[in-house]
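Residue numbering for the sequence shown follows the UniProt record's numbering, starting at 1 and increasing by one per position. Taking it in order: structure first as structure tokens, then the write-up.
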Amino acid sequence: MTGRPYLSMIQRSVEAEGITFEAITPDYVYRVSCGGQSFVMVDAETGLNNSASAMLALSKSLTYDVLHAAGVPAVEHRYLANPNSRFSRSDDYQVAESCFRSFGQQVVLKQDDGAQGRHVYRIHTLAELTNTLDSLFALQLNAAVGPYYEAELEYRIVTFNHEARVILGKRRGASWKHNLINGAVAVVIEDEAKHKALAELAAQASRAMGLAFCSIDILETGQGLLVIEVNPKVMLDEYCKQNPQRIPELAALYREVLLQRFGQLGGL
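Right, here's the structure in full:
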């Protein structure tokens, strides 16, 4: 059994079904077995999503492209390839500058496949844009640029089979970012109309991306609710720390997810 509380919750959720976890890399990689069937689980990734959809969701710009093509309202992200990428273009700096101007000279520049708020920067000037892009490219990272929206709350919705199962708000703290790990606070969404609208948009996004189990981050903007990113791996460890009373509900959800995973393998 893992020493990580979040993974421990996942593992304990299916003890009664006889599903076991054998450590390959302790606290990270496990062989999950039931009867004669098994699969390898990396971190909290259950393998329920197909690989192409999961790869798409790792890219902020590709996620936007897919959602936009499907008519799902989303925050625009433009891809900027680092110079050593085989997808690099000679005009990436010009593209970034054009976006800066068209987005009202308030943009967010980030690692295209980043997570947890790492390498995410709010940009106010062209010089800052160029210098920050230089820094990202120096790390051999690809970037994405999009408009900045002022928002006290960001919403996270966990969908399973395109149905919203967990809906929470993330109220920012001292930072302009909404990451719980960086000081934002999870809040309950009590407005029923807002709850319904968030659930419907998240379901549209998960269908467009082809993800059976994922979390959708949504901003409320002057243009309405917009998807900002899609996460193919559902990580709510900080949420569990702040809301331990919700752990049984989340454990029950993971039980359903893992049972469906083994159903795919023909093991249940």
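Note that the Cβ used here is the ideal one computed from N, Cα and C, for glycine as well.
Could you tell me the alpha carbon to alpha carbon distance between residue i and residue j, rounded to whole angstroms?
i, j, result
"Asn161", "Gln204", "11 Å"
"His77", "Ala54", "18 Å"
"Ile247", "Gly146", "34 Å"
"Glu163", "Ala199", "7 Å"
"Ile10", "Glu256", "11 Å"
"His68", "Ala16", "42 Å"
"Asp91", "Cys99", "12 Å"
"Lys177", "Leu153", "10 Å"
"Gly117", "Leu136", "14 Å"
"Pro26", "Asp217", "30 Å"
"Ala184", "Met235", "15 Å"
"His195", "Gly173", "22 Å"
"Leu250", "Leu219", "23 Å"
"Leu191", "Ile167", "The sequence as given places Asp at residue 191; Leu does not occur at that position. About 12 Å."
"Arg171", "Arg156", "11 Å"
"Leu62", "Gln223", "21 Å"
"Ala46", "Leu56", "The amino acid occupying residue 46 in the given sequence is Thr; Ala does not appear at that position. Using only the alpha carbons, I get a separation of about 17 Å."
"Gly35", "Arg261", "13 Å"
"residue 273", "Lys241", "With the chain represented from 1 up to 268, any question about residue 273 goes unanswered, as that position is not in the structure."
"Asn179", "Tyr64", "20 Å"
"Tyr28", "Asn50", "20 Å"
"Arg101", "Asp134", "19 Å"
"Ala138", "Ser175", "25 Å"
"Glu128", "Val66", "29 Å"
"Lys110", "Ser215", "19 Å"
Could you give the first and the last residue of the continuous beta strand (DSSP E) run that contains residue i?
i, result
"Ser33", "Val29 to Cys34"
"Phe87", "Segment: none, Phe87 is in no beta strand (DSSP E) and carries neither H nor E."
"Ser175", "Neither: Ser175 is in no beta strand (DSSP E) and is coded neither H nor E."
"Arg78", "Arg78 to Leu80"
"Asp217", "Phe213 to Thr221"
"Val40", "Gln37 to Val42"
"residue 273", "Since the first residue shown for the chain is 1 and the last is 268, residue 273 is missing from the structure and cannot be characterised."
For residue i, I'd like the list of residues in its chain whose CB is within less than 8 Å of its CB, leaving aside the five on either flank, ordered along the chain.
i, result
"Gln264", "Leu48"
"Ala115", "Asn231"
"Val108", "Val120, Tyr121, Arg122, Ile123, Val145, Gly146, Pro147 and Tyr148"
"Arg89", "Ala81 and Val95"
Using a threshold of 8 Å, state whether the C-beta atoms of residue i and residue j are closer than that.
i, j, result
"Arg31", "Val42", "no"
"Ala208", "Leu225", "no"
"Tyr254", "Ser13", "yes"
"Ile189", "Gly169", "yes"
"Ala44", "Leu80", "no"
"Ala202", "Thr132", "no"
"Ala186", "Asn243", "yes"
"Gln140", "Asn182", "no"
"Asp237", "Pro73", "no"
"Ile19", "Leu258", "yes"
Can you tell me where the alpha helix (DSSP H) holding residue i begins and where it ends?
i, result
"Gly224", "Unbroken run through Gly224 is the beta strand (DSSP E), Gly224 to Asn231; no alpha helix (DSSP H)."
"Glu15", "Segment: none, Glu15 is in no alpha helix (DSSP H) and carries neither H nor E."
"Thr63", "Lys60 to Ala69"
"Gly263", "Ile247 to Leu265"
"Glu45", "Run containing Glu45: none; DSSP gives neither H nor E here."
Excluding sequence positions up to five away, which residues of its chain have a Cβ less than 7 Å from the Cβ of residue i?
i, result
"Ala70", "Ala208"
"Ser38", "Arg31 and Val32"
"Ala151", "Leu219, Glu220 and Thr221"
"Ser95", "Reading the sequence as shown, one finds Val at residue 95 and not Ser. Arg78 and Leu80."
"Leu126", "Glu97 and Phe100"
If you drop the 5 nearest sequence neighbours on each side, which residues of the same chain put their C-beta closer than 6 Å to that of residue i?
i, result
"Thr75", "At residue 75 the sequence reads Val, which differs from the Thr that was named. Only Gly146, Leu226 and Ile228 meet the Cβ criterion."
"Ser59", "Asp112 and Asp113"
**Request:** Would you mind listing the alpha helix (DSSP H) stretches within the stretch 96 to 162 that are 4+ residues and don't spill past its ends, in chain order?
**Result:** 126 to 138
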